[in-house]
Amino acid sequence: MNRIILSIFAVGLCFSVGQALQCFNCELCIFNVFQTKVTCGADEQCFNGVGKAAHVLEIKTKGCLKMNDCNKVSTTKFPSISNVTVYSVNKTCCSSDLCNAAPGQPRMRILHLALATTFMTKVLVELC
């Protein structure tokens, strides 16, 4: 009898864990490198965020986002420089496992990453 109860509990646990939404996550995705997979909370969906830093460099971000924050634009500002907007990101949501993957997910060479990092550093230094 204990085995039956334990089996039912184990099956129920698998179903409850299986309903959690899986998404790709990266705080600042440059060419879709350094992504991880995360499990979202009950009131969250996957999202893709696309924007521009200093009106030049494309910014991408992805992960889990609360449903009431979906399909909105968020801005990041430097408060020490008269509230200058550093970048704005339009966040759009989706609700199936790993739906926020980029098509093809190209891999970049280390040189491209170094150039992108150098450029971003230069832009941020000029803003300060």
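Under mature numbering (1 follows the signal peptide of the UniProt record, and there is no 0), read the sequence shown as residues -20 to -1, 1 to 108, first letter to last.
We treat Cβ as the ideally placed atom computed from N, Cα and C, and that holds for glycine.
Cβ neighbour criterion (16 or more within 10 Å) applied to residue i
i      : result
E24    : buried
F27    : buried
T56    : exposed
L45    : buried
R87    : Because R87 sits at a pLDDT of 46, beneath the cut-off of 50, its placement in the model cannot be relied upon, and the point is left open.
L(-15) : Unreliable positioning characterises L(-15) in this predicted model, as indicated by a pLDDT of 42, which lies under 50. A coordinate reading is not provided.
G21    : exposed
Contact under 7 Å by Cβ, residue i with residue j
i   : j   : result
N70 : V53 : yes
F4  : K40 : no
Selected residue, minimal CA-CA separation from residue i, among the options
i           : options               : result
residue 145 : V36, N48 and Q2       : Residue 145 cannot be examined here, being either before or after the span of the chain that is shown, -20 to 108.
K97         : T72, A82, E38 and T65 : The question names Lys, yet the displayed sequence has Thr at residue 97. T97 has its Cα closest to that of E38, out of T72, A82, E38 and T65.
E7          : Q(-2), G29 and N48    : G29
C9          : A82, T101 and C74     : A82
Proximal residues to residue i (C-beta, below 7 Å), its chain only, five neighbours per side dropped
i   : result
G31 : I39, Y67, S68, V69 and N70
D77 : L1 and Q2
8 Å Cβ shell around residue i - same chain, five flanking residues per side excluded
i     : result
V(-4) : Note that V(-4) has pLDDT 49, beneath the 50 cutoff, so the model's placement of it is unreliable and no number is given.
Nonlocal neighbours in the same chain, by C-beta distance under 6 Å from residue i, ignoring five residues either side
i   : result
N63 : K57
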